[in-house]
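Engineer: Handing you this structure, nothing more for now.
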């Protein structure tokens with residue numbers, strides 16, 4: 001992916017990376033998803049813009065770069081199947097797995113950050129290890145894999161949205177496992193900050209474990225979020241009750 005994102009090809013609009021955990025997750029009992037051959041461990045996808053002639057020539061260059069890095073083309077049929085499966089992907093309560101492989105009804109949660117492409121391998125390694133630790137400890141989490149995509153307009157070599165998706169068996173949440181989830185999220189966020197990134201990229205940092213990472217000597221983060229909520233939504237008509245932001249009106 002490094003060679004693609006830094007290629008300088010003017011028609012390159014963006015790149016997306018699915019790691020092996022994400023491919024493994026997508027393979028799970030999803031009839032809409034065309035199974036990838038066993039040799040597919042991760043996927044790099046690209047988007048190009050421009051005229052047909054421009055895109056055709058640029059795609060040849062991208063294919064050459066991918067092959068030089070050991071990649072192979074998965075084929076048109078698989079690409080179409082991947083996009084088709086996305087229409088069913090959000091109805092996924094039965095795609096969760098416990099650590100023994102048992103199917104469990106889980107909801108999808110994401111932890112997303114803005115990171116430079118150069119640190120993605122380190123972030124991925126540490127996030128995956130953290131996820132496995134909490135999966136083993138609590139038994140109600142599942143690692144649904146990571147994907148990364150460019151988020152800087154017209155600069156596909158810039159910041160990436162780097163995200164790990166976690167399945168949670170919410171029916172089994174109690175005070176102990178909720179505290180574990182907060183610790184889980186906090187560790188994920190700290191890794192991003194350690195490598196010069198931020199948390200979150202686009203989903204907001206209004207949750208316990210995210211905003212609390214702002215140092216206390218800087219005023220903290222949660223109170224700031226409550227003040228912003230109260231100013232922008234004085235009557236609490238925008239998503240009332242969401243993410244504990246009703247606390248903004250308690251006084």
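Numbering (the working numbering), first residue to last: 1 to 251. Glycine included, each C-beta is placed from N, C-alpha and C at the ideal position.
Within the same chain, show all residues whose beta-carbon is closer than 7 Å to that of residue 195, passing over the 5 residues directly before and after it, in chain order.
Structural biologist: So the list reads 115, 119, 122, 123, once near-sequence residues are dropped.
Engineer: Give the list of continuous alpha helix (DSSP H) stretches no shorter than 4 residues that lie fully inside the segment 9-43.
Structural biologist: Taking only runs of at least 4 residues, the alpha helix (DSSP H) segments lying wholly in the segment 9-43 are 20-27.
Engineer: Could you tell me the distance, in whole angstroms, from the CA atom of residue 44 to the CA atom of residue 18?
Structural biologist: Approximately 6 Å, taken between the alpha carbons.
Engineer: Between which two residues does the alpha helix (DSSP H) harbouring residue 57 extend?
Structural biologist: Taken as a continuous stretch (DSSP letters only), the alpha helix (DSSP H) holding residue 57 covers 52-68.
Engineer: In whole angstroms, what separates the C-alpha of residue 162 from that of residue 128?
Structural biologist: Using only the alpha carbons, I get a separation of about 13 Å.
Engineer: What span of residues does the alpha helix (DSSP H) with residue 223 cover, start to end?
Structural biologist: Here the alpha helix (DSSP H) through residue 223 covers 222-232.
Engineer: What first and last residue would you give for the beta strand (DSSP E) that runs through residue 125?
Structural biologist: Careful: residue 125 lies outside any beta strand (DSSP E), inside the alpha helix (DSSP H) at 120-138.
Engineer: Just to confirm, are residue 28 and residue 95 a CB contact at a threshold of 8 Å?
Structural biologist: In this structure, residue 95 lies closer than 8 Å to residue 28 by Cβ.
Engineer: Measure how close the beta-carbons of residue 47 and residue 13 come, nearest whole angstrom, since I'm counting them as under 8 Å.
Structural biologist: Yes, they are in contact, since the Cβ atoms of residue 47 and residue 13 sit about 4 Å apart, within 8 Å.
Engineer: Is it right to say residue 226 is buried, meaning 16 or more other beta carbons lie within 10 angstroms of its own, or is it exposed?
Structural biologist: Classification for residue 226: buried.
Engineer: For residue 50, which residues from the same chain have a beta carbon less than 6 Å from its beta carbon, with the 5 sequence-adjacent residues on both sides left out?
Structural biologist: Within the same chain, residue 50 has close Cβ partners 11.
Engineer: At which residues does the alpha helix (DSSP H) containing residue 187 begin and terminate?
Structural biologist: Looking at the DSSP string, the run of the alpha helix (DSSP H) that includes residue 187 is 175-194.
Engineer: In its own chain, which residues sit with a C-beta less than 7 Å from the C-beta of residue 63, not counting the 5 before and 5 after it?
Structural biologist: If we look at residue 63 and ignore the five residues flanking it on each side, its Cβ neighbours are 73.
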